[in-house]
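*Asks:* Note that the numbering used here has the sequence shown beginning at 340, numbered continuously upward. We put the CB at the ideal spot given by N, CA and C, even for glycine.
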Amino acid sequence: MGVRNCCRNGCDDIMCSTYIEDIGYMCRECKSELIKYFEDKGLEELPENELYKEIEDFMNTKVGTYVKKKKINIDAFLDNCDLY
340 MGVRNCCRNG
350 CDDIMCSTYI
360 EDIGYMCREC
370 KSELIKYFED
380 KGLEELPENE
390 LYKEIEDFMN
400 TKVGTYVKKK
410 KINIDAFLDN
420 CDLY
């Protein structure tokens with residue numbers, strides 16, 4: 340695998356193995372987040388043009404933006420902040 344930059348806004352990963360025509364490369368982390376994004380929105384099947392539009396919209400969000408909008412309780416939030 341060569342060096343291929345992720346095309347998602349704010350992602351600096353350079354080891355991408357997924358390529359979506361007309362959108363670009365996607366790293367493993369962004370791909371996982373995209374799958375969760377689709378699951379949470381209940382988007383199981385879409386016409387291909389709508390699928391591309393949803394992926395484009397997702398790729399234009401900054402890395403972590405979608406995750407930061409998920410609701411979590413204070414314990415989980417603080418656990419994410421622990422250094423050890």
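Is the Cβ-Cβ distance between Ile394 and Ile353 less than 8 angstroms?
*Replies:* Going by C-beta atoms, Ile394 is not nearer than 8 angstroms to Ile353.
*Asks:* Near Asn348, what residues of its chain come up, given a Cβ to Cβ distance below 8 angstroms and the 5 sequence neighbours on each side ignored?
*Replies:* Same-chain partners within the cutoff: Met398, Asn399, Thr400, Lys401 and Val402.
*Asks:* By how many angstroms is the C-alpha of Asn344 removed from the C-alpha of Ala415?
*Replies:* Approximately 31 angstroms, taken between the alpha carbons.
*Asks:* Whole angstroms is fine: what's the gap from Cys366's alpha carbon to Cys420's?
*Replies:* In a straight line, the C-alpha of Cys366 is about 24 angstroms away from that of Cys420.
*Asks:* The beta strand (DSSP E) that contains Met365, what's its start and end?
*Replies:* Looking at the DSSP string, the run of the beta strand (DSSP E) that includes Met365 is Gly363 to Met365.
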